[in-house]
Amino acid sequence: MSTEVVTAQKLLYGGEAFALSEGKVVFVPGLLPGEVAEIQILQEKKDYNAAVPLKILKPSAYRVQPFCPHYGECGGCNMQHIDYTYQLQLKRDMLQDIFEKAKVSLPVIETVSGSPCNYRCRMQFHNGGLKAKASEKIIPIEQCPIATEEINRWLQTTDCAHRPQGKIQVFGDCRITTGHFFQPDAKVLVALPQQEDKGLKIVGKTKKQIKNKVKNRHIGTVQSPQTNCTLSLAVHHNKEVLHKDITFDIRGFFQSNLEVLEKTVTVLTKELTELLARYQPGKEKFNHALDIYSGAGTLSVFLAPFCNKITLVEHNRDALVYAHTNLQGVHQESYGLSGATWATTIGKKLVEKEPVDLAIIDPPRSGIEKELLTFLSVTPIPFIFYVSCNPTTQARDCSTLEKQGYRIKKFFFLDFYPHTSHIETLALLEHL
1 MSTEVVTAQK
11 LLYGGEAFAL
21 SEGKVVFVPG
31 LLPGEVAEIQ
41 ILQEKKDYNA
51 AVPLKILKPS
61 AYRVQPFCPH
71 YGECGGCNMQ
81 HIDYTYQLQL
91 KRDMLQDIFE
101 KAKVSLPVIE
111 TVSGSPCNYR
121 CRMQFHNGGL
131 KAKASEKIIP
141 IEQCPIATEE
151 INRWLQTTDC
161 AHRPQGKIQV
171 FGDCRITTGH
181 FFQPDAKVLV
191 ALPQQEDKGL
201 KIVGKTKKQI
211 KNKVKNRHIG
221 TVQSPQTNCT
231 LSLAVHHNKE
241 VLHKDITFDI
251 RGFFQSNLEV
261 LEKTVTVLTK
271 ELTELLARYQ
281 PGKEKFNHAL
291 DIYSGAGTLS
301 VFLAPFCNKI
311 TLVEHNRDAL
321 VYAHTNLQGV
331 HQESYGLSGA
341 TWATTIGKKL
351 VEKEPVDLAI
361 IDPPRSGIEK
371 ELLTFLSVTP
381 IPFIFYVSCN
391 PTTQARDCST
401 LEKQGYRIKK
411 FFFLDFYPHT
421 SHIETLALLE
431 HL
């Protein structure tokens with residue numbers, strides 16, 4: 001393939017640099033805006049070329065030496081070669097570009113960040129190591145600079161040859177694997193505590209069915225002293241977040257950066273306090289709130305002091321059982337449905353009966369489901385906190401909501417994953 005010299009124009013969402021060569025777009029990983037580099041074209045498409053850098057001819061002042069020996073090979077970090085403060089600026093620039101393309105106006109982007117190293121408390125290993133970039137190849141590692149001390153302690157005390165084959169889910173000091181193997185020194189432990197049914201309301205399943213579904217997943221564990229891992233179908237885990245105990249299943253979703261999670265919760269409670277004082281003066285609480293895509297109810301734990309009632313919507317019914325545990329003592333109602341199904345079968349009748357003051361919506365990367373967007377359009381909610389792990393789909397959804405009278409009043413960039421191009425955000429939308 002041919003080689004060329006290009007100047008990187010800007011960094012795009014995903015981490016690749018955008019450059020031009022004889023008027024044609026070229027995407028190049030590993031370059032910073034303003035850098036001049038010799039590149040090799042790997043793919044020639046009709047509208048663009050894909051390339052790799054061969055030599056940096058004019059490096060940026062923000063280029064730094066990566067601190068991980070596996071950087072460039074491991075499929076995790078892709079921005080370690082960039083000064084961290086500049087990483088934050090580049091990600092804000094990406095957000096501006098994404099929302100401008102969607103024709104959505106953003107207020108000043110406020111940044112929520114934490115320590116750029118040793119922040120990641122939740123990881124997934126494969127056959128004792130990490131997967132290489134865009135490959136099934138396994139990289140054996142003895143240390144990960146972005147992982148917490150608990151994870152690194154295990155990596156350093158259990159060599160790769162003695163780690164389990166298969167997938168290993170790790171959260172702090174707790175490690176489980178669903179690998180189908182047993183070792184001679186493995187022993188069966190006492191079964192894990194079972195969640196009790198305490199009146200959880202689930203649509204589509206009886207309470208008995210929900211109880212049994214979760215109970216059957218918690219049948220017990222097997223631990224191997226050689227691998228320092230637990231074999232299990234599911235594992236309860238407790239984590240304290242701003243003095244609140246949150247219970248969840250390690251195999252389910254929970255944020256990987258506790259410092260930024262706590263700062264995000266602090267932002268959320270501050271905004272709730274201000275909204276309550278501004279729009280419902282004299283009242284101690286909002287009446288009714290929605291938490292859609294609620295997971296284990298982490299955000300609702302901190303929403304609860306501001307509301308008389310919370311309605312949770314989550315398709316993963318096991319996660320809802322954890323949410324019910326985390327929200328004990330809170331007036332709540334839970335629906336084990338997708339956002340789309342809830343919106344088309346339950347939502348309208350519910351809000352007619354009990355008007356909703358605000359909603360927290362935290363969808364997967366695919367964004368808010370079309371049916372739920374329609375519901376939000378025809379049944380306006382005064383305030384929406386939209387938490388997103390994909391700014392592209394968030395911008396798309398906000399464009400739809402703007403057409404129905406919503407406006408983004410505040411916008412926060414949440415840097416949960418330093419040294420990666422992954423971006424999470426929190427948008428506060430108000431219906432005017």
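Going by UniProt numbering, the sequence shown opens with residue 1, and the numbers climb by one from there. Beta carbons: idealized from backbone N, C-alpha and C, even for Gly.
query: Reference Tyr406; option with closest CA among Phe383, Thr425, Ile246; result: Phe383
query: Chain-order list of residues whose beta-carbon lies under 6 Å from that of Glu284 (same chain, five-residue window excluded); result: none
query: Residues bridged to Leu429 [DSSP beta-bridge criterion]; result: Ile384, Ile408
query: Among Leu428, Tyr417, His431, Ser421, the one whose alpha carbon lies nearest that of Thr148; result: Tyr417
query: Sequence-distant residues of the same chain with beta carbon closer than 7 Å to Glu16, five excluded per side; result: Phe27, Val28, Pro29
query: Where Val190 falls, given that 16 or more other Cβ within 10 Å makes a residue buried; result: Here the model assigns Val190 a pLDDT of 28, short of 50, so the residue's position is not dependable, and the following value carries that caveat. Val190 comes out exposed.
query: For Ile361: DSSP bridge partner residues; result: Ile292, Tyr386
query: Close Cβ partners of Gly129 (< 7 Å) along its chain, the five nearest in sequence each way excluded; result: Ile138, Ile139, Pro140, Ile141, Cys160
query: Contacting residues, own chain, Cβ-Cβ under 8 Å from Gln124 (five flanking each side not counted); result: Lys167, Ile168, Gln169, Val170
query: Exposure of Pro305, with buried meaning 16 or more beta-carbon neighbours within 10 Å; result: exposed
query: Pairwise C-alpha distance: Asp291 and Ser334; result: 9 Å
query: Sufficient close CB pairs (3 or more, under 8 Å) joining the stretch 315-326 to the stretch 384-393; result: no
query: Alpha-carbon to alpha-carbon, Phe18 and Glu430; result: 35 Å
query: Terminal residues of the beta strand (DSSP E) in which Ile310 lies; result: 307-313
query: Of the listed residues Arg122, Asp318, His81, Gly14, nearest to Leu337 (C-alpha basis); result: Asp318
query: Other residues of its chain near Arg120: CB distance less than 6 Å, five sequence neighbours each side excluded; result: Ile146, Ala147, Ser256
query: Local conformation of Ala343 per DSSP, three classes; result: helix
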